[in-house]
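Q: I'd like to ask you about the structure that follows.
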Amino acid sequence: MVKKFLRFEVLLLLAVFTIATCGLVYELVAGTLASYLLGDSVKQFSFIIGVYLFSMGVGSYFSKFITRNLLNTFIEIEILVGVIGGLSSAVLFVLFESVYYFQFILYLLVFITGCLVGLEIPLLMNILKDRVKFRDLVSNVFTFDYIGALLASILFPLVLVPQLGIMRTSLFFGMINISIAIMLCFILKNELKKPKLLRAKAIFSFLLLVVVFIFSDSILSFSEGKLYGENIIYTHATPYQRIVLTHNKSDYRLYLNNNLQFSSQDEYRYHEALVHPVMASAKKIDNILVLGGGDGLAVREILKYNDVKHITLVDLDEGMTNLFKTNTVLSGFNKGALNNPKVTVINSDAYIWAKDCKQQFDVAIIDFPDPSNYSLGKLYSLNFYRTLQNILTPEAVVVIQTTSPYFAPKSFWCINKTIQQVLPVTDAYHAYVPSFGEWGFTIAANSPTTKFSKVRRKVSGLRFYDYDFERLNDFAKDMKANDIEINRLDNQVLVRYFDEEWGKL
């Protein structure tokens, strides 16, 4: 009898561990999908965590009204968590472009999953209260619950998303949930009412997830086809982002987490405007630093200058840089720039790398993604620019992509004003890129004698930039902003500006 009780307790604690692990995975999947599809990862994750924890409390409250067939109900919850959580990512991908109330469906799925997870601990404690000492029961239940949550939080970014992707991760953990339910149905059949019916429900649910798992690539292709409205020719998921390449007639487009990175028809405008003003005005161009720009397109423009001796590119995502080194279509865009012997690619967080760097650079080209969240906002902060100054030569020149002065003037001038606090000479300019509209840049120099309109060197064959810096230097009234704060590490006001301005669109 003692062994039977021990087996009974261990099996149910294993179920708690599984629900805790899978429940957190479903929450992380929802947060990741929300940040991919809706942007602003910090806000989306914050809302989803809040809704999930609240719904767990709601589930715990309503557990007191469940007084009969507790073990059957516990197993049914295990099945429901597996089905709803497992299918959640597939449902969200398919409905993103089809349903107007996408966010409502997103948070409804999070709420339902949280309620079901919140039911399981009180139910389990009621099932075991006459079999296990209360002190041991509470200790064991919460230990398994928290260990499961820890395991999920470690595996999700390091193993699950890189190996399985978002959709298959949720489906895989749904199958784990239901597998535990099936095991309980067989092993504890004498404790259950109508065990055959319960077992049939569990097996049917498991097979449903298996079928969706098998066809997950087709589902993803269907949903992304509707999302982008273009022919998708390549997709790849890295630990940091989902990369999608589309092709329509003569135009290739690269999307990162649903955000357009470039169009092959007009990216030359952006990259010529980014690179050539700073290369023309710098006193020396021996040693060049590129932060971000893992597509190698900025490096392609830099390599047009024969005087360049070495280029260091620092980009967080190794999957991105490797893709643009090896994929024949993508490396064709940058003309094999990342494989050039003058180029060293370092995959690291630029914020940390800059603090540890011992080199000094004549030119720094900063091509980070827009400051849509706090992890990116720190790369536009006063603290980062002070760190950057330490690795610049006395005559160095810097350029920063600075989002759109038309769509986001507060964000644009916030970045400009922030770097003004560090480098003695700064200016701003903009260029029209059809795929993005008016796009802006900040240029700055370590020496007060630097003049950005002075052309020290040129290269031929440019399609857009004509070395007339002042032509790009004029801003209309609707691209200006007043009363702008500096973006400091402890306030991240830039992220708020960016969210307010781009959120309207």
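So for the sequence shown, our numbering puts the first residue at 36; every next one is plus one.
Where is the CB? At the ideal position from N, CA and C, for every residue including glycine.
Gln138 to Val310, Cα distance in whole Å?
A: 39 Å
Q: Relative to the C-alpha of Val315, which residue among Val433, Arg288, Tyr502, Pro404 is closest?
A: For the record, residue 315 in the displayed sequence is Ala; it is not Val. Sorting Val433, Arg288, Tyr502, Pro404 by C-alpha distance to the C-alpha of Ala315 places Tyr502 at the top.
Q: In chain order, what residues of the same chain have a beta carbon less than 6 Å from the beta carbon of Leu154, not counting five sequence neighbours either side?
A: Gly94, Ser98, Ile112
Q: Please classify Tyr532: is it buried, with 16 or more other beta-carbons within 10 angstroms of its beta-carbon, or exposed?
A: buried
Q: Please determine if the stretch 244 to 258 and the stretch 199 to 215 are in contact, where contact requires at least 3 C-beta pairs separated by less than 8 Å.
A: Three or more beta-carbon pairs separated by less than 8 Å link the stretch 244 to 258 to the stretch 199 to 215, which places the two stretches in contact.
Q: Compute the distance between the beta-carbons of Ala69 and Ile83, then report whether it is under 8 Å.
A: yes
Q: For the beta strand (DSSP E) containing Val398, name the first residue and the last one.
A: 396 to 402
Q: Quick one: what does DSSP say Gln276 is sitting in, helix, strand or coil?
A: coil
Q: Please tell me whether Leu507 and Tyr464 are closer than 8 Å, where the distance is taken between their beta carbons.
A: yes
Q: Does any C-beta atom of chain B lie closer than 8 Å to the C-beta of Ala385?
A: Of the chains in the structure shown, none is chain B; there is only one protein chain.
Q: How is the alpha helix (DSSP H) around Gly200 delimited, first residue to last?
A: Element bounds for Gly200: 196 to 222.
Q: Which whole-angstrom value is the C-beta distance of Ile400 and Val313, which I expect to be below 8 Å?
A: Between Val313 and Ile400 the Cβ distance is about 6 Å, and since that is below 8 Å, they are a contact.
Q: Short of 6 Å in beta carbon distance, which residues of its chain neighbour Lys224, apart from the five on each side in sequence? Order them along the chain.
A: Pro230
Q: Restricting to Cα atoms, I'd like to know which of Ile346, Ser299, Arg277 is closest to Tyr287.
A: Comparing Cα positions, the closest option is Ser299.
Q: Could you have a look at Ala55 and say whether DSSP puts it in helix, strand or coil?
A: helix
Q: Tell me, to the nearest whole angstrom, how far the beta carbon of Ser439 is from that of Gly472; I am working on the premise that it is less than 8 Å.
A: 6 Å
Q: So within the stretch 293 to 361, which uninterrupted alpha helix (DSSP H) runs reach at least 4 residues, ignoring any that extend past its ends?
A: 302 to 316, 332 to 337, 353 to 361
Q: Can you give me the C-alpha to C-alpha distance between Asn408 and Ser81, rounded to a whole angstrom?
A: Rounded to whole angstroms, Asn408 to Ser81 spans 12 Å at the Cα level.
Q: Quick one, are the C-beta atoms of Phe403 and Gly327 less than 8 Å apart?
A: yes
Q: Skipping 5 residues on each side, what residues in its chain have a beta carbon closer than 7 Å to that of Glu226?
A: Cβ-Cβ distances below 7 Å link Glu226 to Leu106 in the same chain, with the five nearest sequence neighbours on each side left out; the list follows chain order.
Q: In the DSSP assignment, find the alpha helix (DSSP H) that holds Gly412 and state where it starts and stops.
A: Counting along the chain, Gly412 sits inside the alpha helix (DSSP H) bounded by residues 409 to 412.
Q: In angstroms, rounded to a whole number, what distance separates the CA positions of Ala65 and Asp518?
A: 37 Å
Q: Give the secondary structure of Asn283 by DSSP, where H, G and I count as helix, E and B as strand, and everything else as coil.
A: strand
Q: Can you name, in chain order, every residue of its own chain whose Cβ lies under 8 Å from the Cβ of Phe476, other than the five neighbours on each side?
A: Ala308, Leu309, Pro312, Val434, Ile435, Gln436, Thr437, Ala463, Tyr464, His465, Ala466
Q: Going by DSSP in three states, Asp518 sits in which element: helix, strand or coil?
A: Coil.
Q: Which whole-angstrom value describes the C-beta separation of Arg421 and Lys370, a residue pair presumed to lie in contact below a C-beta threshold of 8 Å?
A: The Cβ separation is near 35 Å, so there is no contact.
Q: Can you name, in chain order, every residue of its own chain whose Cβ lies under 7 Å from the Cβ of Trp537, other than the five neighbours on each side?
A: Phe442, Ala443
Q: Taking only the alpha-carbon atoms, compute the straight-line gap between Val37 and Phe191 and give it to the nearest angstrom.
A: Reliability fails at Val37, whose pLDDT of 37 lies under 50, so the model's placement of it is uncertain and the value that follows must be treated cautiously. About 37 Å.
Q: Apart from the five residues on each side of it in sequence, which residues of its chain come closer than 6 Å, Cβ to Cβ, to Thr545?
A: The question about residue 545 has no answer, for the chain in this structure spans 36 to 540.
Q: Closer than 7 Å by C-beta to Asn161: which residues in its own chain qualify, once you throw out the five before and the five after it? Chain order, please.
A: Here the set comprises Leu105.
Q: What does the Cβ neighbour count give for Gln198, buried or exposed, with the cut at 16 atoms within 10 Å?
A: exposed
Q: Is Phe40 helix, strand or coil when you go by DSSP?
A: Note that Phe40 scores 41 on pLDDT, short of 50, meaning its location in the model is unreliable and no value can be drawn from it.
Q: Identify the continuous alpha helix (DSSP H) that holds Ala431 and give its terminal residues.
A: Note, Ala431: premise wrong, no alpha helix (DSSP H); beta strand (DSSP E) at 427 to 436.
Q: What does a CB cutoff of less than 6 Å around Val457 pick up in its chain, not counting 5 residues either side in sequence?
A: Excluding sequence neighbours, Val457 sits near Tyr420, Arg421, Gln424.
Q: Alpha carbon to alpha carbon, how far is Cys57 from Ile156? Give it in angstroms, no decimals.
A: 14 Å
Q: Whose CA, out of Leu332, Tyr136, Met514, Ser416, lies closest to the CA of Asn526?
A: Ser416
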